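Chains as they are written, first to last, in our numbering: chain A, 41 to 624; chain B, 41 to 624.
Encoded as structure tokens, the structure appears first; notes follow it.
There are 2 protein chains.
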Amino acid sequence: MNHQKALTTYIAAFVAELVQSGVQDVVVSPGSRSTPMAMVMAQHPDLRLHIHVDERSAAFFALGMSKASGKPTAILCTSGTAAANYFPAIVEAYYSRVPLIVLTADRPHELRDVGAPQAIDQIHLYGKHVKWFVEMAPPEETNEMVRYARTVCARAASTSLSSPAGPVHLNFPFREPLIPDLENEDLFNFHERLDGYVQIEQGHLSLNQTVIEQMSGQLSSINNGIIICGQIDNDEFSEAVTELSTRLKFPILADPLSQLRSGNHDGSNIIDTYDTFLRNEDAKRIMKPDIIIRFGAVPVSKPLTIFLKENQDIRQIVVDGSEGWRDPSLIATQMVYCDEVQFCLAVSSTVESKASSEYLTKWLNLNKFTKEKLANVSLIKDLSEAKLFSQLTELLPEESTLFVGNSMPIRDLDTFFHFNQKSIHVMANRGANGIDGIVSSALGAATKRQPLYLILGDLTFFHDLNGLIASKLYQININIILINNNGGGIFSFLPQSNHPNNFELLFGTPLDLTFEHAVNLYNGHYELITDWSHFTSSLMQNMEKDGLKVMEVPTNRDKNLQEHRELLNDVSQEISRFVHGEFQ
Amino acid sequence: MNHQKALTTYIAAFVAELVQSGVQDVVVSPGSRSTPMAMVMAQHPDLRLHIHVDERSAAFFALGMSKASGKPTAILCTSGTAAANYFPAIVEAYYSRVPLIVLTADRPHELRDVGAPQAIDQIHLYGKHVKWFVEMAPPEETNEMVRYARTVCARAASTSLSSPAGPVHLNFPFREPLIPDLENEDLFNFHERLDGYVQIEQGHLSLNQTVIEQMSGQLSSINNGIIICGQIDNDEFSEAVTELSTRLKFPILADPLSQLRSGNHDGSNIIDTYDTFLRNEDAKRIMKPDIIIRFGAVPVSKPLTIFLKENQDIRQIVVDGSEGWRDPSLIATQMVYCDEVQFCLAVSSTVESKASSEYLTKWLNLNKFTKEKLANVSLIKDLSEAKLFSQLTELLPEESTLFVGNSMPIRDLDTFFHFNQKSIHVMANRGANGIDGIVSSALGAATKRQPLYLILGDLTFFHDLNGLIASKLYQININIILINNNGGGIFSFLPQSNHPNNFELLFGTPLDLTFEHAVNLYNGHYELITDWSHFTSSLMQNMEKDGLKVMEVPTNRDKNLQEHRELLNDVSQEISRFVHGEFQ
Numbered sequence: 041m042n043h044q045k046a047l048t049t050y051i052a053a054f055v056a057e058l059v060q061s062g063v064q065d066v067v068v069s070p071g072s073r074s075t076p077m078a079m080v081m082a083q084h085p086d087l088r089l090h091i092h093v094d095e096r097s098a099a100f101f102a103l104g105m106s107k108a109s110g111k112p113t114a115i116l117c118t119s120g121t122a123a124a125n126y127f128p129a130i131v132e133a134y135y136s137r138v139p140l141i142v143l144t145a146d147r148p149h150e151l152r153d154v155g156a157p158q159a160i161d162q163i164h165l166y167g168k169h170v171k172w173f174v175e176m177a178p179p180e181e182t183n184e185m186v187r188y189a190r191t192v193c194a195r196a197a198s199t200s201l202s203s204p205a206g207p208v209h210l211n212f213p214f215r216e217p218l219i220p221d222l223e224n225e226d227l228f229n230f231h232e233r234l235d236g237y238v239q240i241e242q243g244h245l246s247l248n249q250t251v252i253e254q255m256s257g258q259l260s261s262i263n264n265g266i267i268i269c270g271q272i273d274n275d276e277f278s279e280a281v282t283e284l285s286t287r288l289k290f291p292i293l294a295d296p297l298s299q300l301r302s303g304n305h306d307g308s309n310i311i312d313t314y315d316t317f318l319r320n321e322d323a324k325r326i327m328k329p330d331i332i333i334r335f336g337a338v339p340v341s342k343p344l345t346i347f348l349k350e351n352q353d354i355r356q357i358v359v360d361g362s363e364g365w366r367d368p369s370l371i372a373t374q375m376v377y378c379d380e381v382q383f384c385l386a387v388s389s390t391v392e393s394k395a396s397s398e399y400l401t402k403w404l405n406l407n408k409f410t411k412e413k414l415a416n417v418s419l420i421k422d423l424s425e426a427k428l429f430s431q432l433t434e435l436l437p438e439e440s441t442l443f444v445g446n447s448m449p450i451r452d453l454d455t456f457f458h459f460n461q462k463s464i465h466v467m468a469n470r471g472a473n474g475i476d477g478i479v480s481s482a483l484g485a486a487t488k489r490q491p492l493y494l495i496l497g498d499l500t501f502f503h504d505l506n507g508l509i510a511s512k513l514y515q516i517n518i519n520i521i522l523i524n525n526n527g528g529g530i531f532s533f534l535p536q537s538n539h540p541n542n543f544e545l546l547f548g549t550p551l552d553l554t555f556e557h558a559v560n561l562y563n564g565h566y567e568l569i570t571d572w573s574h575f576t577s578s579l580m581q582n583m584e585k586d587g588l589k590v591m592e593v594p595t596n597r598d599k600n601l602q603e604h605r606e607l608l609n610d611v612s613q614e615i616s617r618f619v620h621g622e623f624q
Numbered sequence: 041m042n043h044q045k046a047l048t049t050y051i052a053a054f055v056a057e058l059v060q061s062g063v064q065d066v067v068v069s070p071g072s073r074s075t076p077m078a079m080v081m082a083q084h085p086d087l088r089l090h091i092h093v094d095e096r097s098a099a100f101f102a103l104g105m106s107k108a109s110g111k112p113t114a115i116l117c118t119s120g121t122a123a124a125n126y127f128p129a130i131v132e133a134y135y136s137r138v139p140l141i142v143l144t145a146d147r148p149h150e151l152r153d154v155g156a157p158q159a160i161d162q163i164h165l166y167g168k169h170v171k172w173f174v175e176m177a178p179p180e181e182t183n184e185m186v187r188y189a190r191t192v193c194a195r196a197a198s199t200s201l202s203s204p205a206g207p208v209h210l211n212f213p214f215r216e217p218l219i220p221d222l223e224n225e226d227l228f229n230f231h232e233r234l235d236g237y238v239q240i241e242q243g244h245l246s247l248n249q250t251v252i253e254q255m256s257g258q259l260s261s262i263n264n265g266i267i268i269c270g271q272i273d274n275d276e277f278s279e280a281v282t283e284l285s286t287r288l289k290f291p292i293l294a295d296p297l298s299q300l301r302s303g304n305h306d307g308s309n310i311i312d313t314y315d316t317f318l319r320n321e322d323a324k325r326i327m328k329p330d331i332i333i334r335f336g337a338v339p340v341s342k343p344l345t346i347f348l349k350e351n352q353d354i355r356q357i358v359v360d361g362s363e364g365w366r367d368p369s370l371i372a373t374q375m376v377y378c379d380e381v382q383f384c385l386a387v388s389s390t391v392e393s394k395a396s397s398e399y400l401t402k403w404l405n406l407n408k409f410t411k412e413k414l415a416n417v418s419l420i421k422d423l424s425e426a427k428l429f430s431q432l433t434e435l436l437p438e439e440s441t442l443f444v445g446n447s448m449p450i451r452d453l454d455t456f457f458h459f460n461q462k463s464i465h466v467m468a469n470r471g472a473n474g475i476d477g478i479v480s481s482a483l484g485a486a487t488k489r490q491p492l493y494l495i496l497g498d499l500t501f502f503h504d505l506n507g508l509i510a511s512k513l514y515q516i517n518i519n520i521i522l523i524n525n526n527g528g529g530i531f532s533f534l535p536q537s538n539h540p541n542n543f544e545l546l547f548g549t550p551l552d553l554t555f556e557h558a559v560n561l562y563n564g565h566y567e568l569i570t571d572w573s574h575f576t577s578s579l580m581q582n583m584e585k586d587g588l589k590v591m592e593v594p595t596n597r598d599k600n601l602q603e604h605r606e607l608l609n610d611v612s613q614e615i616s617r618f619v620h621g622e623f624q
């Protein structure tokens, strides 16, 4: 067997199939053991290579691309700790159901577990956090092994996409010498089955008509119901669920990641201030439902979570197209495994359409009232986190993408970002809710969606500063709104803050960084925002600029806490008055 | 059961035992779920807490502390991807045999696998890369559970230290509310067994006298033998192995990480230029041994590895005190599981001491000759990577610590750093040889050893830029010599470089970063070195300065390759002439 020919043919077959399977982007981290795969990939005319030295950022960058495109992205690295650096993004991809094809080069069998350099145990390296692991056979060029490489590749791509989507891991043992033969003009031309080795058609879970009719019958008979939509990534879902809501006359409590808070769909039943008014005991009492239907991931809002828990005595239906178990409070009375769009369409077409609902009106009125009261946030004169989020719907351009950091930003967005028809697509990493990898995820998304705005806190920005290099190397346009409250702002809202001893040491953790230096390192455009008009004008001016743009908005953790408390207390009092006046 | 009291007592017992077990440092990353452990730890008067927001850097920082102190360091983080960020350092700790106690907070059982925020599957999260994993019982305050917490802690510390040392992982499920009761003055005062729960005495592997005498008899009868010492961390080893060498008249080929190239021990049999002369076929022929005894990790030098492989027909003994299998070329004829120091002492005291050895003289003469020729590197006028490493023995102060990056720096050190009596301690991360986490590892080591010099390339520096924050937050003194050849210098020496198409894209990977900005971000002192006298004077002046000091030495990859090639070719020709003249 000619080693180089076997290496080349086997890998070329794999790469050809990767492209056939719909993979367009590969994020490659430089290394020696991965050389044959990297060199062959670079030859393929239909594969875009992105080079990223830091594998942790590289994997999150790929995650962002997959999230934004809905297509699996491949990542490639050398053996050793390089592969271990992928772990955080793989865990996030697993829990947020994002397709990712993880390709790691490995030492061949005879160099394993004998102290060879850069050799670690890569078998099942990511444990249960990948959907599929394959220890690839060493390269051979027989027809059987070419078919093997192509079939595994097709299966890997398909598995990464099948519901629930997620990461798959293929580990390639490569023996030296590692250089492939790239002289062959017809590198990717396999005569047998030119158009890909095997097409895989993915089915969706669907209920049979009898079950649908039973459920529709039940839903028709109940007047006081609500629909809750958490994060869900399906373009057809907005139309389908609003149709269901219209027929059932159930309000839709729309999480900011449901893609229901912004868009051209019918927004008349959308409730977008529940995070505020469900903090109010009077409101919760008056709004008690008889049934809840929930779609998508667990919602961001804590008041909503508590509301769900407090209503554990009622029917709670969770619809999941991926056979997960997304019910942390263990309150579901019915778990329905059915594609979400199909469920909405099937129920809508069989359910008896209701004429009107007093209960729906209550929700809508309270929502409208709360929104008016929350608008008072605009009266804040100083730079304020709350006000910033409330202004986004006005300031962001049509069809823009908003990537939101975890911890405080996603919560503030939940409270202050309300329904609009600008089709602003909202993204976040809510698989494991980490503060890691956000910069890279957003930059990956920005290669697919423009314009893109990233809002995040200083600790989150710091955690993935290395990610910024992608914007420099690939001239990716991104607008970063960096809320710098010098530390972990969320802890001021948690019980830890009542224990001042060691609070700053363990939770406040101020870093005292002048981030302008970091932006300069990556040739970005930096502005330290001084007041609201400065913020607005910078945001407008930056629309004309390319590349990395960072607007740093300095805020104060104590003041932020006070502002939130006062505002929400005021609003809550108003809500109590409203509830007593309106409904009782 | 009072939840808060149970939480507090159980954790306080664990923390008290941690201190009793010899743990002095904990690196804590901020988070909510880890709150009870962090707050209790902060109360302990004998525990130093280091806060590090980026868990990847945090774990490497702890690794550096453990490496430098020989004591286990604990790391603590919250649940979710935070824990996944520890993975690269854990893998490195596992393969480089460094003790580490990994403490991860987790959601309690009822919040697992149900879509709860920041809940991932942390059971066996690091797979086979920890020596021991324990899913801790939920906190209880019964005597049994207090004893359980203390015993697990004592075992964890002991296991992390027992040969081979390595990481252990304890996963703590914590239920809300998470605030412990710190009012108790006697938090760590456990009346039962005040001085720690259980003392653990670690045995060492030792051979019985019959086996030692057999081996000594064999070794006495062979004249042409060599000793090879790779990385080994045992203060008594230098004396023991030089004594063995003196008796056997075997030269010691001392890897830069053997701690034998610098120190007060007898250096007369130390061979420190083998990396150069074993590239020469004439030298290899003339130096063929009849037996090889190898200690420690696999040596850095590729020429030495090839020499070992080419001598697969002779006796090769590998001595390993930890029952590993450090023999990547599969050439060992005898694997000896015995503590290295005990082996040297036992054999030395039973072996017949040889009077003289022509073979040893040949090695010493060739070594001396090669060293003189390598000294020509000092003639290079421009800034040069080779020359830089050759000057270190002269420039570094007595008793300093030199932390060396992987890829090119460790190889250049191997070639150009020769025996001296300054007791310079050399460190590197050679478990998995990654370019990740080096800045943090060195900073961790710098908390234990001063003065500390870190030499690394630009990609390695970039990979762990976040690590620099520890130097800012904790005023750690460190001297960083940043060799900036704008990319992956090592690839110019590998076969990839013969394929110019895509070489820069895939392997050269220039980042074009102005690192001054990064140093400014962390309030460091930065200098861009312009010539040799500037380098020397800066190094001297920096000795008077505190904190982070970065000297950037710009070099050129192509010129570096050419310089190395020319120098080594010249020296090799001289060696051939010398070998023919001297020995034949």
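Each residue gets a CB set at the ideal place from its N, CA and C atoms; glycine is no exception.
Predicted, not measured: the structure shown is a model, and the values here were computed from it.
- Contact between Ile326 of chain B and Ile267 of chain B is ruled out by a C-beta separation of about 18 Å, above the 8 Å threshold.
- Ala82 of chain A belongs to the set of residues whose beta carbon lies under 8 Å from a beta carbon in chain B.
- With a 10 Å radius around the Cβ and a threshold of 16 neighbouring Cβ atoms, Asn541 of chain B comes out exposed.
- Taking C-beta separations shorter than 6 Å and ignoring five residues to either side along the sequence, the partners of Asn125 of chain B in its chain run Glu95, Arg96, following chain order.
- Judged by DSSP secondary structure, Glu567 of chain A falls within the beta strand (DSSP E) whose first and last residues are 565-568.
- Comparing alpha carbon positions, the residue from B:Thr121, B:Ile331, B:Gly257 closest to Glu132 of chain A is B:Thr121.
- In this structure Pro437 of chain B is exposed. Its beta-carbon is surrounded by fewer than 16 other beta-carbon atoms within 10 angstroms.
- Below the 8 Å Cβ cutoff, chain B contributes no neighbours of Pro594 of chain A, its closest Cβ being approximately 16 Å away.
- Per the C-alpha coordinates, the member of A:Leu245, A:Ser463, A:Phe228, A:Ile219 positioned closest to Asp306 of chain A is A:Ser463.
- At a cut-off of 3 residues, the continuous stretches assigned as beta strand (DSSP E) that sit fully inside the segment 245-276 of chain B are 265-269.
- DSSP lists A:Phe212 as the beta-bridge partner residues of Ala145 of chain A.
- The C-alpha of His458 of chain B lies about 35 Å from the C-alpha of Cys117 of chain A.
- Runs of the alpha helix (DSSP H) spanning 4 or more residues and lying entirely within the segment 323-405 of chain A occur at 342-350, 380-390, in chain order.
- For chain A, none of the residues of the segment 285-317 of chain B brings a beta carbon within less than 7 Å of one of its beta carbons.
- For Arg88 of chain B, the beta-bridge partners assigned by DSSP are B:Asp65.
- In the structure shown, Phe555 of chain B falls within a coil segment according to DSSP collapsed to helix, strand and coil.
- The beta carbon of Asp454 of chain B does not come within 8 Å of any beta carbon belonging to chain A, so the residue lies off that interface.
- Minimum Cα-Cα distance from Pro112 of chain A among the listed residues A:Pro139, A:Phe127, A:Ala99 corresponds to A:Pro139.
- Residue environment: His43 of chain B is assigned as exposed (fewer than 16 neighbouring CB atoms within 10 Å of its CB, all protein chains considered).
- In the three-state reduction of the DSSP assignment, Tyr493 of chain A falls in the strand class, which pools E and B.
- For Ala129 of chain A, the CB contacts under 6 Å within the same chain, skipping 5 residues up- and downstream, are Ala99, Phe100, Leu103, Gly477 in chain order.
- Secondary structure at Asn524 of chain B: strand, using DSSP grouped into helix, strand and coil.
- Across the set B:Asn304, B:Asp353, B:Lys512, B:Ala482, the C-alpha of B:Asp353 shows the shortest separation from the C-alpha of Ile371 of chain B.
- Within the same chain, and ignoring the five residues on either side of Glu363 of chain B in sequence, the residues whose Cβ sits closer than 6 Å to its Cβ are Tyr377.
- Counting the other CB atoms within 10 Å of its CB gives Asn248 of chain B a total below 16, which places it among the exposed residues.
- Within the segment 149-167 of chain B, contact with chain A at the beta-carbon level (separation under 8 Å) is assigned to Glu150, Leu151, Asp153, Val154, Gly155, Ala156, Pro157, Gln158, Ala159, Ile160, Asp161, His164, Leu165, Gly167.
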